[in-house]
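Numbering (my numbering), first residue to last: 61 to 189. In this text, a Cβ means the ideal position worked out from N, Cα and C, and glycines have one as well. All values derive from a computational prediction rather than experimental measurement.
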Amino acid sequence: MRRRTREAESPDITPLIDVVFLLLIFFMTSTVFKKDELALLLNLPKTTKGESQEAQKENVYIELSENEVAYNGAKMSLEDVEAKLSAIEKKDTPIELRVDKDVRYERVVKLLDKLKVNNLANISLITEN
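What follows is the structure, given as structure tokens:
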């Protein structure tokens, strides 16, 4: 008589797959998805007082129009503005950019590159409402 060799039995994983699938469905249906943050209605405070004169003297104002550049109110070329920027000793000096809406973005990028070359990173873009 010949002996029969038994094949190794593997456990049935079908119930395990069913449980994992049910857990997946449960967590998907019970999860609260992140809402759009722009949907918040905010009532922002109004400013009542301006900055002191000392704080305004430290700021650098650069105005950029289609054909002209002004540094603290004085019209000059972009190269002269770069020379003024390289002369700034305090690298955390606040720089406010006022850019006309008709200016090509290429000019804005050139100005931002000049600011980056001079390690000036405290930059604000000023807009009107």
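State the DSSP-derived secondary structure class of residue i, mapped to helix, strand or coil.
i	result
Ala-181	coil
Ile-85	helix
Glu-123	strand
Lys-135	strand
Ile-77	helix
Ala-143	helix
Leu-98	Caution applies to Leu-98, whose pLDDT of 49 falls short of 50 and renders its modelled position unreliable; the model cannot decide the point.
Arg-50	Any question about residue 50 goes unanswered here, given that the chain covers just 61 to 189.
Val-92	coil
Pro-71	coil
Val-163	coil
Glu-156	strand
With a cut-off of 8 Å on the beta carbons, I'd call residue i and residue j a contact; round off their distance for me.
i	j	result
Glu-126	Asp-162	6 Å
Leu-175	Ile-155	7 Å
Thr-190	Val-129	Not covered by the structure: residue 190. The range shown for the chain is 61 to 189.
Val-159	Val-168	6 Å
Leu-180	Lys-151	6 Å
Give the straight-line distance between the Cα atoms of residue i and residue j, rounded to the nearest whole angstrom.
i	j	result
Leu-145	Ile-183	12 Å
Tyr-131	Glu-142	10 Å
Ile-186	Phe-93	35 Å
Ala-134	Lys-106	30 Å
Phe-86	Glu-123	57 Å
Leu-82	Val-177	57 Å
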